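Residue numbers -34 to -1, 1 to 217, in mature numbering (1 follows the signal peptide of the UniProt record, and there is no 0), belong to the letters of the sequence shown in order.
So the structure is just underneath, and the comments pick up after that.
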Amino acid sequence: MSDLSHLPARREPSLGRRLFLQLSAASAASVALAAAGCSPSSTPTPAAASNQIVLPQGNQGLLYYAYFLALAQATTYQKVVDAPPSDFTPVDRAVFDDLRDHAVVHRETLKYLIDPTRATVIFPADFAFNLKSFTLTTRAGALAAAQQLEDLVASAYPVILPLFSSTNIYKRTLLLKMSTVQARHAATVRDLLTPGGFASSAVVDGNGQLITQTPFVVLTALAPFVAPYVLAFTCPDTNSSTDAGLCTANG
């Protein structure tokens, strides 16, 4: 599918320093927990079917996975920005402009990290993120779609960050910065949809930590949006005793 043009990121509506620090701390702590608390298991490499897209193994596969998430967000938010619901408020419009802009920046950054020459065909030409399951013509529907995507992506990053090998520290650092942006976006959308609901029990556990989701769970949730294609992902072999289970079950 064709990519959107590169757009400059805009300043997000401020959530306040205290909320920002809470979200950043939750995200960082979730990364640490994901790195330390995974059970061992084996993850066989899936055999590719005609409609199956097997993401590369290792660090490159992690970048492909993050690129797909940014692609899903950019596609959805561009649709809303192009045809905003009639009941959108000026604040809603500003937030979705920011969501779109940051998703595009993340997508293009990840594309560059995958291949600085931009010669790599990441997905088939007819691969698309199908928006038919979303109701983007109403404020409630657009916010619900954004909440689903932002919650998934915010919960995905802390799981994959510890999996980068030590030779890719700078890439992991860039994704860590993206992770904090995703956490703020998720909180902003939740607060718009349900004022004061930015840290509900659906996304934060009893210890105040962000609830994380493995690639298996995230890709399963997004599978209907990319049919007939199926994305398959094998975890990097960075630490076989602790990391292998991350891509096979919600640990």
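Backbone N, C-alpha and C fix where the C-beta goes; we use that ideal spot for every residue, glycine too.
Bear in mind that the values here come from a model prediction, so they are computed numbers and not experimental data.
**Prompt:** Considering only the beta carbon of each residue, do Asn25 and Ser132 sit closer than 8 Å?
**Reply:** Taking 8 Å as the cut-off, the beta carbon of Asn25 is found no closer than this to the beta carbon of Ser132.
**Message:** My parser needs the beta strand (DSSP E) runs of 3 or more residues fully inside the segment 13 to 57; what are they?
**Reply:** Along the segment 13 to 57, the beta strand (DSSP E) occurs as fully enclosed runs of 3 or more residues at 18 to 20, listed in sequence order.
**Request:** Using DSSP bridges, identify the partner residues of Ala198.
**Result:** DSSP output for Ala198 lists Val20 as bridge partner(s).
**Item:** Contact check, Ala111 vs Ala69, beta carbons under 8 Å
**Value:** The beta carbons of Ala111 and Ala69 sit no closer together than 8 Å.
**Request:** Could you check what DSSP says for Pro82 in three-state terms: helix, strand or coil?
**Result:** Residue state, collapsed to three classes: coil.
**With 16 other Cβ atoms within 10 Å as the buried cut-off, status of residue 218** = No statement about residue 218 is possible, as the shown extent of the chain runs from -34 to 217 and does not include it.
**Request:** Return the CA-CA distance between Ala189 and Val196, expressed in angstroms with no decimal places.
**Result:** Approximately 7 Å between the Cα atoms of the pair.
**Message:** If distances are taken between C-alpha atoms only, which option among Glu74, Ala49, Thr101, Phe191 comes closest to Leu29?
**Reply:** The closest CA to that of Leu29, considering only Glu74, Ala49, Thr101, Phe191, is found on Glu74.
**Prompt:** Ala122 and Pro181: beta carbons closer than 8 Å?
**Reply:** In contact: Ala122 and Pro181 (Cβ atoms closer than 8 Å).
**Asked** Buried or exposed: where does Asn134 fall if 16 or more other Cβ atoms within 10 Å of its Cβ makes it buried?
**Response** Asn134 is buried by the Cβ-count criterion.
**Request:** Just the C-alpha distance for Thr103 and Ser145, rounded to the nearest angstrom, thanks.
**Result:** In this structure, the alpha-carbon of Thr103 lies about 28 Å from that of Ser145.
**C-beta contact flag for Gln18 and Ala198 at 8 Å** = Result yes, Cβ atoms of Gln18 and Ala198 sit closer than 8 Å.
**Message:** Can you look up Ala152 in the DSSP assignment and give me helix, strand or coil?
**Reply:** Secondary structure of Ala152 (DSSP, three-state): helix.
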